[in-house]
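A short write-up of the structure that comes next.
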Amino acid sequence: MGTQNADDQEVFEIVDFTTASEWECFIAAVVEAVHEWRLSGERQLSPLSKGQLATAKWSERTVEVKFAEFPFKMTHHCIISETVESPPDESEPSTEYETEEETEKWPQALDDIMNRENDFPARAHCLVRWYGLREFVTLSPSNANQPIICPSKSKLLLSSLTIAANNTNCQVPMFVYVLPPSEKMYLGVGLGSGVRTDYDMIHMRHPPRQCTHLSGLLDVFRSKLKCNETSPPVLVSVRFTYILSEWPHTLWTQQPPDFDATLTDVGFSDLGKLPFGALSDPVSELHLSATWPCVSEDVLVDSDVYSDLDPGSAPLWTARLVTNASPPCLLSEYLTEFLHVCRNNQSVTQILGPDFTPEVEDAAEFSSALDRLTEPSVPTLSKIVGRVRPGSKNVKHSSSQPGEMGPISVDILVPILNYLFPDAEGEEQSAPFPSTLSQVPEWTGEDAPAGEHPLKALLSNMKSSGVDGLVWRLAIVLCHVIHSLGGLPAAAHIWHEVVLELRFRWDNAILVPGIGSGSPDLASTLLHQKLQMLNCCIIRRRAREQSLSKSSNDEVDEEDEFYECEEEMEEEEKSNGTRSSWDKPEGRLKRCGKLRLIKTNEQLFVPFTQEPAPMTEDRLEEHADVLLRLGTDTVGSQLRARMMSASLLSDMESFKAANPGAVLEDFVRWYSPRDWIEEESDDPSHPPQGSLSARMQIPGNMWKEVWNSAKPVPARRQKRLFDDTREAEQVLHWLASMGPGGVCGHLQPTILHASLCRLAEERALFSLPAPNSLPQPCHSNTLATVLEMIAQRVVRLSRQPPDSNKYQEVVEQIAEVETCIARAQSVRHKLLGDSSESHTTSKPLEDLVLRLLNSPEVILDGGSRGSAAAVIRKLFQQARRASMMVDDSPQESPSNHNDRRASMNSGHAGTASELGRPAGREYLLRTLVPAPMAYSRPVPHRMFAVLLQNEFRLAGAYSQDTTFC
Numbered sequence: 019m020g021t022q023n024a025d026d027q028e029v030f031e032i033v034d035f036t037t038a039s040e041w042e043c044f045i046a047a048v049v050e051a052v053h054e055w056r057l058s059g060e061r062q063l064s065p066l067s068k069g070q071l072a073t074a075k076w077s078e079r080t081v082e083v084k085f086a087e088f089p090f091k092m093t094h095h096c097i098i099s100e101t102v103e104s105p106p107d108e109s110e111p112s113t114e115y116e117t118e119e120e121t122e123k124w125p126q127a128l129d130d131i132m133n134r135e136n137d138f139p140a141r142a143h144c145l146v147r148w149y150g151l152r153e154f155v156t157l158s159p160s161n162a163n164q165p166i167i168c169p170s171k172s173k174l175l176l177s178s179l180t181i182a183a184n185n186t187n188c189q190v191p192m193f194v195y196v197l198p199p200s201e202k203m204y205l206g207v208g209l210g211s212g213v214r215t216d217y218d219m220i221h222m223r224h225p226p227r228q229c230t231h232l233s234g235l236l237d238v239f240r241s242k243l244k245c246n247e248t249s250p251p252v253l254v255s256v257r258f259t260y261i262l263s264e265w266p267h268t269l270w271t272q273q274p275p276d277f278d279a280t281l282t283d284v285g286f287s288d289l290g291k292l293p294f295g296a297l298s299d300p301v302s303e304l305h306l307s308a309t310w311p312c313v314s315e316d317v318l319v320d321s322d323v324y325s326d327l328d329p330g331s332a333p334l335w336t337a338r339l340v341t342n343a344s345p346p347c348l349l350s351e352y353l354t355e356f357l358h359v360c361r362n363n364q365s366v367t368q369i370l371g372p373d374f375t376p377e378v379e380d381a382a383e384f385s386s387a388l389d390r391l392t393e394p395s396v397p398t399l400s401k402i403v404g405r406v407r408p409g410s411k412n413v414k415h416s417s418s419q420p421g422e423m424g425p426i427s428v429d430i431l432v433p434i435l436n437y438l439f440p441d442a443e444g445e446e447q448s449a450p451f452p453s454t455l456s457q458v459p460e461w462t463g464e465d466a467p468a469g470e471h472p473l474k475a476l477l478s479n480m481k482s483s484g485v486d487g488l489v490w491r492l493a494i495v496l497c498h499v500i501h502s503l504g505g506l507p508a509a510a511h512i513w514h515e516v517v518l519e520l521r522f523r524w525d526n527a528i529l530v531p532g533i534g535s536g537s538p539d540l541a542s543t544l545l546h547q548k549l550q551m552l553n554c555c556i557i558r559r560r561a562r563e564q565s566l567s568k569s570s571n572d573e574v575d576e577e578d579e580f581y582e583c584e585e586e587m588e589e590e591e592k593s594n595g596t597r598s599s600w601d602k603p604e605g606r607l608k609r610c611g612k613l614r615l616i617k618t619n620e621q622l623f624v625p626f627t628q629e630p631a632p633m634t635e636d637r638l639e640e641h642a643d644v645l646l647r648l649g650t651d652t653v654g655s656q657l658r659a660r661m662m663s664a665s666l667l668s669d670m671e672s673f674k675a676a677n678p679g680a681v682l683e684d685f686v687r688w689y690s691p692r693d694w695i696e697e698e699s700d701d702p703s704h705p706p707q708g709s710l711s712a713r714m715q716i717p718g719n720m721w722k723e724v725w726n727s728a729k730p731v732p733a734r735r736q737k738r739l740f741d742d743t744r745e746a747e748q749v750l751h752w753l754a755s756m757g758p759g760g761v762c763g764h765l766q767p768t769i770l771h772a773s774l775c776r777l778a779e780e781r782a783l784f785s786l787p788a789p790n791s792l793p794q795p796c797h798s799n800t801l802a803t804v805l806e807m808i809a810q811r812v813v814r815l816s817r818q819p820p821d822s823n824k825y826q827e828v829v830e831q832i833a834e835v836e837t838c839i840a841r842a843q844s845v846r847h848k849l850l851g852d853s854s855e856s857h858t859t860s861k862p863l864e865d866l867v868l869r870l871l872n873s874p875e876v877i878l879d880g881g882s883r884g885s886a887a888a889v890i891r892k893l894f895q896q897a898r899r900a901s902m903m904v905d906d907s908p909q910e911s912p913s914n915h916n917d918r919r920a921s922m923n924s925g926h927a928g929t930a931s932e933l934g935r936p937a938g939r940e941y942l943l944r945t946l947v948p949a950p951m952a953y954s955r956p957v958p959h960r961m962f963a964v965l966l967q968n969e970f971r972l973a974g975a976y977s978q979d980t981t982f983c
């Protein structure tokens, strides 16, 4: 029993072989991704067009798969097919190797690797360049710091992809990314239609001796394929690339600093103009490639002893630009620093210290506000010490002693203030304001007539300020000051001085220049409206003081200057008798046509009235908010009516003073003619007959109540509807309470307005392509369309509350446009030189500049003998002379044996000596050979070799017929 119990307690481990392993789970995840992307089955697409791999848009879809908790990133790369092409004609096969006897098509990947229209694509994925694929799948570690280095792991992953492709009948090639990312090493496999293609790669620092020329590469290719003498010839494509990275005789177009100017900075020449352009050359290199496309191996000779690969004999010359991704640009740098100040909430006192406290100076001003109402028009000497009124030659701005100790020196501060307030310089103004302020600058030039600019309509609708007005100049000056004179403290100093200048002008009734006339323009920025309000206060103050002066003179001369009676009227008044002193009319402006008073039948006069009080948009919002808060009850309605009837009461009192004996009906006939229903009368000597409208006869009508309470008081003796003193002090307090951040916040629409106008001056370059970094649909548009899009957004933002984040997005878009224009300017200057300024450049060269900027690679018309090639050869010659590389004999070549052999094989006669040694050599070999046996079906093979200065790479696609294997 014990033994039996012991046997019963023995437990055997049972292994369930039906449970999926981690390897099988990984394969299942890959299979799921293949099915999700619909990569199963045959994929017969239209043949690739010429250059399609370089110009087409690519799509990438990524999914994460895991192998034993190790994450991988599986990505599907393919061309986005914008148009569906018709199938190729049977009489024109897509490759040279297709025959009519073939009954089974190759996989699409094999058609692509044998396609001869897309050799050496300029800008594409490295696998596209090496193998010519339009669609493929890559598997790489999610963490780039954990590359696949172990060969067994890479083989396991590759075999897993092979099983997944076989299970799903996927004909899209799959690659495993091995070794560190800097190596760019891929191992791949492709299956389909009874053909297996292995994508192998070799990467070395220096090439073996037999791989430094075409003959040696052909031997390597044949030995790999085990070719015999009856094998078809190999098709060869060769490309030599020459790099020009030095531009010795083409100086960068950015102008040097003007040390005689107020601000000394690169790119600065005018205080009133925003700088523009790149600080460093945005074009780093020019690549010139000489190509021998798809020729038989018997045509070209390139061995270790002789080479006829002379660039001058190449049938195809192409060129492309290599540009800096984000070169520093002046305009975008200025705008970025300007927006950075906008986010600062510090006051002037917090930034500069207590010596710059505006409240201390304003307290004394407020204490003497009542004194100024009664002071004589001629100021005392103590009020003008240190400052001369405009019109004199030696003008001093209202700078106090603390201001002279600010971040900006007086030598720089005075020219800036003279630029902002040019009337302080007297008659000889260095920068006078334009006679009329417009939202659109007057563009001039030969590219487009003035007034027909594509941005004119958009800029005219922007809520900004007039071009070259005071607010416009203030925005640009602050931009210069923030960038070049000390940042935030310098901006605070300038704003402190501007507030002092505005205070001085109000105290002395001097108009603020450069802001236009009239009431505040609600279509402009709030800062501009405030300055217009200050001017309105100054104008009202001047008029009031002149009126008081005239009334005092009239009292002395006993003459009334408010109206002038004609002789007939004077005789008529004399015949009617003498009026009492309180019935004497006052404040008459002119006769009101033929209208007469109803009761006295005397002539009706239009009185002098007070103008309505101007208001800025913030005051209008406050007024509307107060009216809404009063509610809808009886008391609130009465208060609202009284607030709204202040102007009506003033007009009624003026009318009563000018027309003694008038009644409400007389006032209505002049003030609101539609509310007077007149009856026809045949006798003009009788008073007019009629009645008020129905709304005027409603009980409790506000007009009747106001008329009954109105007294005959002329406008000059009434309480002011618009208290210019109070309004001016409120404006000055609003300005003084803002720090530089608040000022720049109000100036954001204006500075972007000025930036768009600066960009719009480059109209000749509007046909350039849109920067690729901008969002859709800008990719397919020109630069002009992008500028219109940016202008539309700025117009919308100018009518919304300031938002620095949204403005930052616009600045980034402006930076992209500026970079694009700077690249165009650089290319024009390099290729066209001074001829671009004299307008004597030939049309082909102008077209070449645009094509280099629009296309990833440009074919030079005429090859090595064309006009474009001549210009580029000249640049290479200048660079070689500057580098003292005239003699290219083997004795002066580097000591490294491989470099000497590369120099020998590159050819140096004729044109080659002008271009120097090639920086890169690329060889593309392709053929159709049976594999793996002689009786197998002929299948495509391809090998790509690239030789750089310190790099050698072989990328081969070798196929096998698996039908009988």
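All the letters of the sequence shown, read from the start, carry residue numbers 19 to 983 under our numbering.
Cβ atoms here follow ideal geometry from the backbone N, Cα and C, with glycine treated the same way.
Quick caveat, the model's predicted, so the values are computed rather than measured.
query: For aspartate 130 and alanine 963, the rounded distance between their alpha carbons; result: 18 Å
query: Serine 79 burial status per 10 Å Cβ neighbour count (16 or more: buried); result: Rather than serine, the amino acid found at residue 79 in this sequence is arginine. By the neighbour-count rule (16 or more Cβ atoms within 10 Å), arginine 79 is not buried but exposed.
query: Burial state of phenylalanine 982 (16 or more Cβ within 10 Å); result: exposed
query: N-terminal and C-terminal residue of the beta strand (DSSP E) that glutamate 940 is part of; result: 938-948
query: Counterpart residues of leucine 339 in DSSP-defined beta bridges; result: Leu304
query: Touching by the beta-carbon criterion (3+ pairs, under 8 Å), the segment 172-182 and the segment 235-255; result: no
query: Own chain residues within Cβ distance below 7 Å of arginine 559, not counting five before or after; result: Ala527, Asp742
query: Inter-residue Cα distance where the pair is leucine 966 and lysine 824; result: 46 Å
query: Per DSSP, cross-strand counterpart(s) of alanine 975; result: Tyr217, Arg960
query: Isoleucine 139 versus Ser77, Pro874, Ser885, Arg637, residue with shortest Cα-Cα distance; result: Per the sequence presented here, residue 139 reads as proline, with isoleucine not at that position. Proline 139 has its Cα closest to that of Pro874, out of Ser77, Pro874, Ser885, Arg637.
query: Whole-Å CB distance - leucine 128 paired with threonine 73, under 8 Å assumed; result: Not confirmed; about 23 Å, so no contact.
query: CA-to-CA distance, glutamate 303 to threonine 803, given in whole angstroms; result: 28 Å
query: Simplified DSSP state of arginine 521, which is helix, strand or coil; result: helix
query: Three-way DSSP call (helix, strand, coil) for alanine 38 in this model; result: coil
query: Cut-off 8 Å between Cβ atoms - residues of its own chain near aspartate 539, not counting five sequence neighbours on either side; result: His546, Gln547, Gln550
query: Sub-8 Å separation of tryptophan 688 and valine 624 beta-carbons; result: yes
query: Spatially closest choice to glycine 69 from Cys144, Gln707, Glu135, by CA coordinates; result: Glu135
query: Which residues DSSP lists as bridging leucine 966, in chain order; result: Glu969
query: Spatially closest choice to valine 828 from Lys861, Ile769, Ile434, Asn872, by CA coordinates; result: Ile769
query: Distance between beta carbons of valine 213 and threonine 945, contact taken as under 8 Å; result: Wrong, their Cβ atoms sit about 15 Å apart, outside the cutoff.
query: Contacts around tryptophan 148, its chain only, beta-carbon distance under 6 Å, and the 5 residues preceding and following it disregarded; result: Phe962, Ala973
query: Separation of aspartate 299 from valine 146, as counted between CA atoms; result: 30 Å
query: Arginine 240, enclosing alpha helix (DSSP H) - first and last residue; result: 232-243
query: Cutoff 6 Å; reference serine 77; Cβ partners in own chain excluding five residues on either side; result: Cys96, Ile98
query: Methionine 1027: first and last residue of the uninterrupted alpha helix (DSSP H) it sits in; result: Given a span of 19 to 983 for the chain in the structure shown, any question on residue 1027 remains unanswerable.
query: Member of Trp41, His221, Arg152, Trp124 whose CA lies at the smallest distance from the CA of asparagine 968; result: His221
query: Buried or exposed by the 16-neighbour rule on C-beta atoms within 10 Å, applied to glycine 208; result: buried
query: Classification of valine 835 by the beta-carbon crowding that lies within 10 angstroms, buried from 16 upward; result: buried
query: Span separating the alpha-carbon of arginine 338 from that of arginine 141; result: 10 Å
query: Local Cβ density within 10 Å of arginine 883, reported as buried at 16 or more and exposed below that; result: exposed
query: Alpha-carbon spacing of threonine 8 relative to alanine 162, whole angstroms; result: This structure cannot speak to residue 8, because the chain is shown only from 19 to 983.
query: Residue range of the unbroken beta strand (DSSP E) whose run includes tyrosine 437; result: First-last for tyrosine 437: 428-438, but that is the alpha helix (DSSP H), not the beta strand (DSSP E).
query: Cβ-based neighbour list, tryptophan 721, same chain, cut-off 8 Å, excluding 5 preceding and 5 following; result: Leu666, Leu682, Val686, Met714
query: In chain order, each alpha helix (DSSP H) run of at least 4 residues that lies wholly inside the segment 44-77; result: 70-73
query: Same chain only: Cβ atoms within 6 Å of alanine 733, ignoring 5 sequence neighbours per side; result: Gly605, Phe626, Thr627, Gln628, Ser672
query: Beta-ladder partner(s) of arginine 606, from DSSP; result: Pro625
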